[in-house]
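Undergrad:
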Amino acid sequence: MKNYADCTYCGGEVVEKKIEYDYRREKHLMVVNNVSAGVCRQCGEKYFKPDVLKRMDSIYHDIFDRHRKPEKTLLIPAVTL
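In this text, residue positions in the sequence shown follow numbering that gives the first Met the number 0: the first is 0, and each later residue adds one.
(1) From residue 3 to residue 73, what does the alpha carbon distance come to, in whole angstroms?
(2) Between residue 38 and the rest of its own chain, which residues show a CB-CB distance below 7 Å, the 5 nearest in sequence each way excluded?
(3) What residue does the beta strand (DSSP E) around residue 73 start on, and which one ends it?
(4) Taking 8 Å as the threshold (C-beta atoms), are residue 59 and residue 84 in contact?
(5) Quick one: grab the DSSP three-state call for residue 67.
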């Protein structure tokens with residue numbers, strides 16, 4: 000049984016992997032490590048199961064709305080073209 004359907008963009012096979020994901024919402028960026036995702040073998044498009052998305056959303060609100068301390072903070076350069 001497959002965990003994910005084929006990629007909606009290119010039709011490639013989607014397989015589950017543990018990845019690092021840049022979760023962007025509003026004006027914030029949160030890096031999530033070791034998250035389960037379906038990743039297309041052809042184009043790299045990522046897919047998440049609903050429970051994983053809910054968990055990332057909950058962590059986002061803990062950090063940015065409830066001011067809970069993240070595991071670590073990264074310094075990220077930003078540029079304008």
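Glycine residues also receive a C-beta, built at the ideal position from the N, C-alpha and C atoms.
TA: The relevant details are as follows:
(1) Here residue 3 is taken as the residue at index 4 of the sequence shown, counted from 1. Here residue 73 is taken as the residue at index 74 of the sequence shown, counted from 1. So the alpha carbons of these two residues sit roughly 32 Å apart.
(2) Working through the sequence shown from its first residue, we reach residue 38 at position 39. Here the set comprises 13, 14, 16, 18 and 45.
(3) Counting from 1 along the sequence shown, the entry for residue 73 is found at position 74. Looking at the DSSP string, residue 73 is not in any beta strand (DSSP E), and its letter there is neither H nor E.
(4) No answer is possible for residue 84: the residues shown for the chain start at 0 and end at 80.
(5) Counted from its first residue, the sequence shown places residue 67 at position 68. Residue 67: coil per DSSP, three-state reduction.
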